[in-house]
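In terms of our numbering, the sequence shown is residues 51 to 442.
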Amino acid sequence: MPLVNMLDMLGHAHANRYAVGAFDLVSLDFLEGIMAAAEQTRAPVILSLAESHFEYYDFELVMAATVRAAKRATVPVAIHLDHGENLDSVVKGIRLGCNGVMVDASHHPFEENARITREVAETAHAAGVPVEGELGYVPGVEGEDAEKHPGEIRYTTPEEAARFVQATGVDFLAVSIGTVHGRMKGEPKLDFQRLAEINERLGIPLVIHGGTGLSDEQFRKLIENGVAKINYYTALSDAAARVITANVNKGVKGYTAQVAGVREAIAAECRRMIELWGSAGRADEVLATARAWHEVAHVIFYNVDGLNEEEAARLREEGRKVLSAIPGVLSVETGVAVQPDDPKYRYLWDVRFCHEKVIDLYRDHPDHVRYADERFRPVAGERITIDFKLDE
Ligand code: 13P
């Protein structure tokens, strides 16, 4: 159950003046290290997967492990698509199990950023998924993520931030007040006055990208001024690399020996941040107040009239293709009864939705309406349909 609604998770952090770590993961070692730290400190945590890192791993495969890790956790977890490039990325992220999404159109001028972000927010919200947008520009300095964010910093203005949130309906806003992605060159100057004004005007959880390299005092002031989610990656990557370098320098041979200790180093760095940001020990409060994230099974048992087995199989195959592309659909499973003679119904649809809201979105979606009206209903008069909210 510990997948929870990110809106409630960050609402709790914002109201209680602490920040949840959104740790970007690029491998199973990162996933295990982050989760170990969250469990050890009893902290809510965000497992973050950045599209800017997708060249390093297979998003679909890593998501399967990430969803499993979240579901078996005893602390509250949200799974977030970080720096999603466009609507297609967001729909894919939701399909694979993200229950929070960011679209990063911050490199575009205001109006274009607002247009893209609004479109994403409308789709994600219709599927029950909260959305983060970014206004202003957080550039990169040095490091894997940094190179994906070229150019100069552009600060977020309070006035534009208010207009942006109003125009797009985002739930969380990433702001640019002086942080950078990647390794810092010296101590960055952060504009806390600007942050305080943005927080005052918006009243929604704010997000900081480029958490690596800030001082304890800077983190404290960020959180005091409305930051409820801190994105953190480069320091984890560097901690992992230091372990590998030390192993290699010791003359250790072989993959498993050279990466030994990476998980623990990532966990130690996450623990340090979790304690600093005040999310340690908050797990039970969040579990008690945040809505659990329940998937829905939309199940249909049916018989077909006038189709042979081959035609019935084609009908299912066509449906799997069309219906699985609808936003908020996690999977479309179909099947045939194992005992052929006895059952009341011979065929099955088992369509999984990421959230209860998808019931309406799916029913009215033009692709579903077309398939149902033209292909399915004319031959499947005999059927029973039930939506189940899943326990886990
Ligand atoms: P750092 O790599 O600077 O910690 O930033 C991470 C980030 O903002 C990912 O969105």
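In this text, a Cβ means the ideal position worked out from N, Cα and C, and glycines have one as well. All of these numbers come straight from a predicted model, not from anything done at the bench.
Item	Value
Cα-Cα separation between residue 330 and residue 85, rounded to whole angstroms	13 Å
Residue 122 classed as buried or exposed, judged by whether at least 16 other C-beta atoms fall within 10 angstroms	exposed
Nearest-angstrom beta carbon gap, residue 179 and residue 405 [assumed within contact, 8 Å]	7 Å
Near ligand 1: residue 281 beta-carbon under 7 Å from a heavy atom	yes
Inside the region 187 to 259 only - alpha helix (DSSP H) runs reaching at least 4 residues	208 to 218 and 242 to 252
For residue 412, the first and last residue of its enclosing alpha helix (DSSP H)	408 to 414
Exposure of residue 139, with buried meaning 16 or more beta-carbon neighbours within 10 Å	buried
Alpha-carbon to alpha-carbon, residue 281 and residue 211	19 Å
C-alpha distance - residue 321 paired with residue 403, whole-angstrom precision	34 Å
Distance between beta carbons of residue 286 and residue 80, contact taken as under 8 Å	6 Å
Which residues DSSP lists as bridging residue 54, in chain order	342
Heavy atom of ligand 1 within 7 Å of residue 378 beta-carbon	no
Within 8 Å, strictly: CB atoms of residue 220 and residue 188	no
Start-to-end residues for the beta strand (DSSP E) that takes in residue 429	That residue, residue 429, is in no beta strand (DSSP E); it is neither H nor E in DSSP.
Segments assigned beta strand (DSSP E), at least 3 residues, entirely inside the region 323 to 408	346 to 352, 379 to 386 and 397 to 403
contact_flag[the region 191 to 200, the region 421 to 429] where n(CB pairs < 8 Å) is 3 or more	no
Distance, residue 95 Cα to residue 398 Cα	37 Å
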